[in-house]
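K.L.:
Have a look at this one.
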Amino acid sequence: KNEVEQSPQNLTAQEGEFITINCSYSVGISALHWLQQHPGGGIVSLFMLSSGKKKHGRLIATINIQEKHSSLHITASHPRDSAVYICAVKEGNTPLVFGKGTRLSVIA
Amino acid sequence: DTGVSQNPRHKITKRGQNVTFRCDPISEHNRLYWYRQTLGQGPEFLTYFQNEAQLEKSRLLSDRFSAERPKGSFSTLEIQRTEQGDSAMYLCASSWHEETQYFGPGTRLLVL
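Residue numbers (the numbering used here), protein chains in the order written: chain A, 26 to 133; chain B, 83 to 194.
Structure, rendered in C-alpha cells:
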C-alpha cells in the first residue's frame, strides 16, 4: 500500500505570504490529487495531475515522478485560504490513498 | 445539478443501534465512493460502486457495514450494532469513471 506523507502538519502564515505544502509517496502512481477541506467537512478537488505542473488562479501544483514528490503552492495567501489541504494518490485501479492533511491558517 | 448530497448531516446514536446514511451523487456520474474520516486523519476508502455493481470493499468494512446502490443512482451505507469506534465523518464522492471525484458534505456520526 502506498504511504503518503505531508509536511508540514500545521502552517500559520501572514496574509500575502507565499505558501508551500509538500507531499511524498512511496510507490509509483498514476495520478496525484490535491484537495481542500474546510471546517465542517466539505472537500473540494483542486488538482489532479500525473506529470509536470498545473495552475489555477493563485494555486500551483507540481509533481516530480522520479522523486515521488509533489508540492502545492499558494501565492499572495489570503485568510479565505485557511483550510486543511490533503494530498491523495492513485495507482492504476486501486482506490485513492490520502495523506493526513496540512492545516493552514492565514492571518490578516 | 446541485452536486453530491448526503443525509443526514449529523447523527447521534447509542451503541448497539443501527444507522443508515444516504448519498445522492451527481446525476450523470457512474461511480460512487464511500470514505470514512476520523479526527486529524485523512479520509480512508471504504467501498465503491460503478453503476449498481459494488466493485471493491476495504478490509475496514467489517461485516457490520453494508452498502447498496440498487438502481445505480443513490447509495445507502448501513452500520449495524454500532460501536464507539464507528464515530467518524462518513464521506461520499462521485465521478465519471476515473475523472475528478466530487465530494458531498459528509455525515458526522457520534456513537455514545
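Glycine residues also receive a C-beta, built at the ideal position from the N, C-alpha and C atoms.
Anything in the region 51-71 of chain A with a Cβ closer than 9 Å to a Cβ of chain B? List those residues in chain order, please.
P.N.:
Per Cβ criterion, the list reads Ser55, Ala56, His58, Leu60, Gln62, Gly65, Gly66, Gly67, Ile68, Val69, Ser70.
K.L.:
Thinking C-alpha only, which one of His111/B, Leu121/B, Phe127/B, Thr84/B is nearest Leu121/A?
P.N.:
Here residue 121/A is taken as the residue at index 96 of the first sequence, counted from 1. Minimum Cα distance to Leu121/A is reached at Phe127/B.
K.L.:
What do you reckon, are the CB atoms on Asn100/B and Gln166/B nearer than 7 Å?
P.N.:
On the second sequence, residue 100/B is found 18 positions in, with the first residue counted as 1. On the second sequence, residue 166/B is found 84 positions in, with the first residue counted as 1. No, these two residues do not count as a Cβ contact at 7 Å.
K.L.:
Are the beta-carbon atoms of Gly117/A and Ser32/A separated by less than 7 Å?
P.N.:
Stepping through the first sequence from its first residue, residue 117/A is reached at position 92. Stepping through the first sequence from its first residue, residue 32/A is reached at position 7. Not in contact: Gly117/A and Ser32/A (Cβ atoms no closer than 7 Å).
K.L.:
For Gly124/A, which residues in the same chain have their Cβ closer than 8 Å to its Cβ, ignoring the five residues on either side in sequence?
P.N.:
In the first sequence, counting from the first residue as 1, residue 124/A sits at position 99. Taken in chain order, the residues that qualify are Val29, Glu30, Gln31, Cys48, Ile111, Cys112, Ala113.
K.L.:
Which of the three DSSP states, helix, strand or coil, is assigned to Asp168/B?
P.N.:
Translated into positions along the second sequence, residue 168/B becomes position 86. The answer is helix: DSSP assigns Asp168/B an H, G or I state.
K.L.:
Only counting the same chain, and skipping five residues up and downstream in sequence, which positions put a Cβ closer than 6 Å to that of Glu160/B?
P.N.:
To locate residue 160/B, count along the second sequence from 1; it is residue 78. Only Thr102, Ser148 meet the Cβ criterion.
K.L.:
Are the CB atoms of Ser176/B and Pro90/B nearer to each other than 7 Å?
P.N.:
By 1-based counting over the second sequence, the position of residue 176/B is 94. By 1-based counting over the second sequence, the position of residue 90/B is 8. Cβ distance not < 7 Å, so Ser176/B and Pro90/B don't count as in contact.
K.L.:
With C-beta atoms as the reference, is Arg128/A less than 7 Å away from Asn35/A?
P.N.:
By one-based count along the first sequence, residue 128/A stands at place 103. By one-based count along the first sequence, residue 35/A stands at place 10. Cβ distance < 7 Å, so Arg128/A and Asn35/A count as in contact.
K.L.:
Ends of the beta strand (DSSP E) at Asn133/B?
P.N.:
What you label residue 133/B is simply residue 51 of the second sequence in a count that begins at 1. Looking at the DSSP string, Asn133/B is not in any beta strand (DSSP E), and its letter there is neither H nor E.
K.L.:
Which bits of chain A does Arg104/B rub up against, with CB to CB less than 9 Å?
P.N.:
The residue labelled residue 104/B in the question sits at position 22 within the second sequence. Correct list: empty, because the minimum Cβ distance to chain A is about 16 Å.
K.L.:
Checking contacts by CB at 7 Å: is Pro33/A closer than that to chain B?
P.N.:
If you number the first sequence from 1, residue 33/A lands on position 8. Chain B, which has no Cβ nearer than 7 Å to the Cβ of Pro33/A, makes this no.
K.L.:
Let me see if you follow: with CB-CB separation under 7 Å, is Ile7/A close to chain B or not?
P.N.:
For chain A, the structure presents residues 26 to 133; residue 7/A sits outside this window and is missing.
K.L.:
List the residues of chain B whose Cβ lies closer than 9 Å to the Cβ of Gly77/A, in chain order.
P.N.:
By 1-based counting over the first sequence, the position of residue 77/A is 52. Those do not exist, as Gly77/A stays about 17 Å from chain B at its closest Cβ, beyond 9 Å.
K.L.:
Counting only the same chain and skipping the five closest in sequence on each side, list residues whose C-beta sits under 6 Å from that of His63/A.
P.N.:
By 1-based counting over the first sequence, the position of residue 63/A is 38. Here the set comprises Ala108.
K.L.:
Tell me the residue span of the beta strand (DSSP E) that contains Gly77/A.
P.N.:
Against the first sequence, residue 77/A aligns to sequence position 52. Its beta strand (DSSP E) spans residues 77-81.
K.L.:
Counting only the same chain and skipping the five closest in sequence on each side, list residues whose C-beta sits under 6 Å from that of His94/A.
P.N.:
One-based indexing of the first sequence puts residue 94/A at position 69. If we look at His94/A and ignore the five residues flanking it on each side, its Cβ neighbours are Ser49.
K.L.:
Leaving aside the five residues before and after His103/A along the sequence, list all residues of the same chain whose C-beta is less than 7 Å from its C-beta, in chain order.
P.N.:
Here the question's residue 103/A lines up with position 78 in the first sequence. Closer than 7 Å at Cβ, skipping near neighbours: Glu40, Val131.
K.L.:
Measuring CB to CB, does Pro187/B end up less than 7 Å from Gly66/A?
P.N.:
Along the second sequence, one-based indexing puts residue 187/B at 105. Along the first sequence, one-based indexing puts residue 66/A at 41. Taking 7 Å as the Cβ cut-off, Pro187/B and Gly66/A qualify as a contacting pair.
K.L.:
Where does the unbroken beta strand (DSSP E) through Ile85/A begin, and where does it stop?
P.N.:
Position 60 of the first sequence holds residue 85/A. Its beta strand (DSSP E) spans residues 84-89.
K.L.:
If we ignore side chains and look at the alpha-carbon of each, how far apart do Ala86/A and Thr45/A end up?
P.N.:
The sequence position of residue 86/A within the first sequence is 61, counting from 1. The sequence position of residue 45/A within the first sequence is 20, counting from 1. So the alpha carbons of these two residues sit roughly 10 Å apart.
K.L.:
Taking Met73/A as the reference, give the member of Glu180/B, Val193/B, Thr189/B, Leu191/B with the closest Cα.
P.N.:
For the purposes of this step, residue 73/A is taken as residue 48 along the first sequence, with counting starting at 1. It is Glu180/B whose Cα lies nearest to the Cα of Met73/A.
K.L.:
Expressed to the nearest angstrom, what Euclidean distance is found between the alpha-carbon atoms of Gln88/B and Glu110/B?
P.N.:
In the second sequence, residue 88/B corresponds to position 6, counting from 1. In the second sequence, residue 110/B corresponds to position 28, counting from 1. Each residue's Cα considered, the two are about 17 Å apart.
K.L.:
Alpha carbon to alpha carbon, how far is Gly77/A from Ser140/B? Give it in angstroms, no decimals.
P.N.:
On the second sequence, position 58 is the one that residue 140/B refers to. On the first sequence, position 52 is the one that residue 77/A refers to. So the alpha carbons of these two residues sit roughly 31 Å apart.
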